[in-house]
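Chemist: The following block contains the structure, expressed as structure tokens.
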DNA sequence: GAGTGGTCTAGACCACCCC
DNA sequence: GGGTGGTCTAGACCACTCT
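Structure, rendered in structure tokens:
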């Protein structure tokens, strides 16, 4: 009974069917066919739509679930992941207290400015040097202590009308805010860590002495299709806290 | 024709078959039935041995492969991962140059001493405070520059006869050496990063000024069964280099 | 009970490697 | 050509959730 796989989307070079399905699902996500937090159609429905077996759809969904783009819930369905849910608010935050607890930070915004992209940021965000950008400064406090000074840079073109008023309304994380206000989901990020000395500005904001060693965390965050959307530099006081990472 | 799965290993609480197979495979690995670098039996053979279908064995192997415990090679077989192979020599090293290249470091050993475990290390390695340990100091140089000062602590009980002479013979990474000399494979590691100031010893070894900000990387490395085996503190000069991490 | 994801099987065929 | 992993299918049954 098993006939050779019906080539649903014959591509030039060989691609497994489940990989093609994965691409189709991703395109539907980009197009906004299913919004963050919503359920996507059942595996059986998708199998019928794409004319493949349930097992093949399953493998495509498995891949997207392992990237935290979709979330499976047994007995209920498969959902589009969202930064809005409490547990995923600070999904990318790796700072934990030395005792191992993962605290939720409290945000205070310092300013929101408009400016032009320098060479480094332009390269990171795939913009032209001098392209208009928005720069946000904020401080994250853990257990009442200011610990992280963030500089966040976004392309103005992608986020029209973004200003201090708008952003201050956002409860919690920036990503949750960008998702609800602009429908843009962050799916992965790259970070580069260094040790630096606190400059005058950082010292003032974190209430420490100039020259104190700080953990500098540079991040580029990506949305669907590996499109870079945010550049960020976090300066973190690692006193009682550290950046946690697992290697496998 | 599909009968209810023959319960190969009926456990008290429910466990999927492929999970039980995964455990059996892991036990064989611990027992040394298949050594690092060797091929394990084919999926068909394993399916016959455990009286399950090929697909179930496949899923168990998939899990182990995703943890980098096994390595699949199409057309050849499935192999036990090893730190000995060139590409995996520095599998856990996340320091890369700012241009993005991953250089291979050159190791020089400073000393190998015997001592007793302090409270912190005893906790990390699940030993009693005061248990005998071996402490290794070394420097890693990138492109001729000393960049990382490592302090490596191992339980003496696990590594009899380990001394400076032995360890200096080891080409490349410590893990590669421990694997060949003691048959002990590191499976995964946890790291905690902080920013600190260079003390006199670090300054001397890295040829920098005292007080220079350094990236402090504390690591606990585990072997099979999540058994902690190594505690390590790396002090890294992040000048032209950074610690790279991907978040998903 | 109906619907969803999760497990397991059996079998066919494909892509890759090596003799 | 024969062996290995990799893909795909079709179908049965289990576990979970909601109603």
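Residue numbers (this note's numbering), protein chains in the order written: chain E, 95 to 342; chain S, 95 to 342.
C-beta: ideal position from N, C-alpha, C; glycine also.
These figures come from a predicted structure and were not determined experimentally.
#1: Tell me where the beta strand (DSSP E) around residue 259 of chain S begins and ends.
#2: Should residue 208 of chain S be labelled buried (16 or more other beta-carbon atoms within 10 Å of its own) or exposed?
#3: Within 7 Å of any Cβ in chain E, is that where the Cβ of residue 289 of chain S sits?
#4: So, is the C-beta of residue 283 of chain S closer than 7 Å to a C-beta in chain E?
#5: Which residues does DSSP pair with residue 155 of chain E in a beta bridge?
#6: Tell me which residues share the same chain as residue 202 of chain E and place their Cβ nearer than 6 Å to its Cβ, disregarding the 5 neighbours each side in the sequence.
#7: Enumerate, from N- to C-terminal direction, the unbroken beta strand (DSSP E) stretches of 3 or more residues contained entirely within the region 259-339 of chain E.
#8: Pair every Cβ in the region 242-257 of chain E with every Cβ in the region 270-284 of chain E, then say whether three or more of these pairs are closer than 8 Å.
#9: Leaving out five residues on either side along the sequence, give the residues of the same chain with a beta carbon under 6 Å from the beta carbon of residue 242 of chain S.
#10: Counting only beta-carbon separations shorter than 7 Å, does residue 318 of chain S have a partner in chain E?
#11: Using CA coordinates, which residue listed in E/139, E/301, E/215 is at the minimum distance from residue 249 of chain E?
#12: Starting from the beta carbon of residue 120 of chain E, find every residue of chain S whose beta carbon is closer than 7 Å, and list them in chain order.
#13: Taking C-alpha atoms, which residue in E/180, E/186, E/109 lies nearest to residue 150 of chain E?
#14: Does residue 253 of chain S come within less than 7 Å of chain E when only Cβ atoms are used?
#15: Quick one: what's residue 231 of chain E bridged to in DSSP?
#16: Name the residue from S/159, S/299, S/287, S/272 whose alpha carbon lies nearest to the alpha carbon of residue 324 of chain S.
#17: Taking only beta-carbon atoms, is residue 191 of chain S less than 7 Å away from chain E?
#18: Distance, Cα to Cα, residue 165 of chain S vs residue 129 of chain S?
#19: Is there a Cβ of chain S sitting closer than 7 Å to that of residue 339 of chain E, yes or no?
#20: Count the other CB atoms within 10 Å of the CB of residue 114 of chain S; is the residue buried (16 or more) or exposed (fewer)?
#21: Rounded to the nearest angstrom, what separates residue 261 of chain S and residue 139 of chain E at their Cα positions?
#22: Is it the case that the CB of residue 209 of chain E approaches a heavy atom of the ligand NAD more closely than 6 Å?
#23: Which class does residue 164 of chain S belong to by DSSP, given the choice of helix, strand or coil?
#24: Which residues in the same chain have their Cβ closer than 6 Å to the Cβ of residue 306 of chain S, if we skip the five residues on either side of it in sequence?
#25: Could you name the residues of the same chain whose beta carbon sits closer than 8 Å to that of residue 137 of chain S, not counting the 5 residues immediately before and after it, in chain order?
#26: For residue 319 of chain S and residue 123 of chain S, I'd like the C-alpha separation in whole angstroms.
#27: Measure the CB-CB distance between residue 335 of chain E and residue 286 of chain S and report whether it falls below 7 Å.
#28: So for residue 119 of chain E, helix, strand or coil by DSSP?
#29: By the 8 Å beta-carbon criterion, what residues does the region 219-249 of chain S contribute toward chain E?
#30: Between which residues of its own chain and residue 309 of chain S is the CB-CB distance below 7 Å, once the five residues before and five after are set aside?
#31: When the distance is taken between beta carbons, is residue 231 of chain E closer than 7 Å to residue 205 of chain E?
Modeler: Let me lay it out:
#1: Taking the second chain and counting its residues from 1, one reaches residue 259 of chain S at position 165. From DSSP, residue 259 of chain S is part of no beta strand (DSSP E) but of the alpha helix (DSSP H) over 258-263.
#2: Counting from 1 along the second chain, the entry for residue 208 of chain S is found at position 114. By the 16-neighbour rule on beta-carbons within 10 angstroms, residue 208 of chain S is exposed.
#3: Along the second chain, read from residue 1 onward, the residue named residue 289 of chain S stands at position 195. For residue 289 of chain S, the closest Cβ of chain E is nearer than 7 Å.
#4: Mapped onto the second chain, residue 283 of chain S falls at position 189. Output row for residue 283 of chain S: interface = yes.
#5: Position 61 of the first chain, counted from the first residue, corresponds to residue 155 of chain E. Its beta-bridge partners do not exist; DSSP assigns none.
#6: The sequence position of residue 202 of chain E within the first chain is 108, counting from 1. Non-local C-beta neighbours of residue 202 of chain E in its own chain, meaning closer than 6 Å and more than five positions away in sequence, comprise 233, ordered along the chain.
#7: Here the runs fully enclosed are 282-291, 307-317, 321-330.
#8: Yes, since at least three Cβ pairs between the region 242-257 of chain E and the region 270-284 of chain E fall closer than 8 Å, the two stretches touch.
#9: As a working note, residue 242 of chain S is residue 148 in the second chain. Non-local C-beta neighbours of residue 242 of chain S in its own chain, meaning closer than 6 Å and more than five positions away in sequence, comprise 234, 328, 330, ordered along the chain.
#10: By one-based count along the second chain, residue 318 of chain S stands at place 224. At least 7 Å separates the CB of residue 318 of chain S from every CB of chain E.
#11: Within the first chain, numbered from 1, the residue matching residue 249 of chain E stands at position 155. Here the closest residue by C-alpha is E/215.
#12: Numbered from 1 along the first chain, position 26 holds the residue referred to as residue 120 of chain E. In chain order: nothing, as chain S lies at least about 15 Å away.
#13: Along the first chain, read from residue 1 onward, the residue named residue 150 of chain E stands at position 56. Among E/180, E/186, E/109, the Cα nearest to that of residue 150 of chain E belongs to E/109.
#14: Your numbering for residue 253 of chain S matches position 159 in the second chain. By this cut-off, residue 253 of chain S is not an interface position.
#15: Looking up residue 231 of chain E in the first chain gives position 137. Partner(s): E/205, E/245.
#16: Position 230 of the second chain holds residue 324 of chain S. Per the C-alpha coordinates, the member of S/159, S/299, S/287, S/272 positioned closest to residue 324 of chain S is S/272.
#17: Here residue 191 of chain S corresponds to residue number 97 of the second chain, with the count starting at 1. With respect to chain E, the C-beta atom of residue 191 of chain S has no partner C-beta closer than 7 Å.
#18: Here residue 165 of chain S refers to the residue found at position 71 when the second chain is read from its first residue. Here residue 129 of chain S refers to the residue found at position 35 when the second chain is read from its first residue. Rounded to whole angstroms, the separation of the alpha carbons of residue 129 of chain S and residue 165 of chain S is 13 Å.
#19: Counted from its first residue, the first chain places residue 339 of chain E at position 245. Yes, residue 339 of chain E counts as interfacial toward chain S.
#20: Along the second chain, one-based indexing puts residue 114 of chain S at 20. When all chains shown are included, residue 114 of chain S counts as buried.
#21: Here residue 261 of chain S is taken as the residue at index 167 of the second chain, counted from 1. Here residue 139 of chain E is taken as the residue at index 45 of the first chain, counted from 1. As the crow flies, the alpha-carbon of residue 261 of chain S is around 60 Å from that of residue 139 of chain E.
#22: This structure lacks the ligand NAD, and indeed carries no ligand of any kind.
#23: Residue numbering aside, residue 164 of chain S sits at position 70 when the second chain is read from its first letter. Note: residue 164 of chain S maps to strand in three-state DSSP.
#24: Residue mapping note: residue 306 of chain S aligns to position 212 of the second chain, counting from 1. Short of 6 Å from the beta carbon of residue 306 of chain S, and not among the five residues preceding or following it, lie these beta carbons of its own chain, in chain order: 292.
#25: Residue numbering aside, residue 137 of chain S sits at position 43 when the second chain is read from its first letter. Result list for residue 137 of chain S: 148, 151, 152, 155, 172, in chain order.
#26: Reading the second chain from its first residue, position 225 is the one you call residue 319 of chain S. Reading the second chain from its first residue, position 29 is the one you call residue 123 of chain S. One Cα belongs to residue 319 of chain S, the other to residue 123 of chain S, and the distance between them is close to 11 Å.
#27: Taking the first residue of the first chain as 1, we reach residue 335 of chain E at position 241. Taking the first residue of the second chain as 1, we reach residue 286 of chain S at position 192. Taking C-beta atoms as the reference points, residue 335 of chain E and residue 286 of chain S fail to come closer than 7 Å.
#28: In the first chain, counting from the first residue as 1, residue 119 of chain E sits at position 25. Residue 119 of chain E falls in the helix class under three-state DSSP.
#29: If the cut-off is 8 Å between Cβ atoms, the region 219-249 of chain S has nothing near chain E.
#30: In the second chain, counting from the first residue as 1, residue 309 of chain S sits at position 215. Result list for residue 309 of chain S: 287, 289, 330, 332, 337, in chain order.
#31: Within the first chain, the letter at position 111 stands for residue 205 of chain E. Within the first chain, the letter at position 137 stands for residue 231 of chain E. Cβ distance < 7 Å, so residue 205 of chain E and residue 231 of chain E count as in contact.
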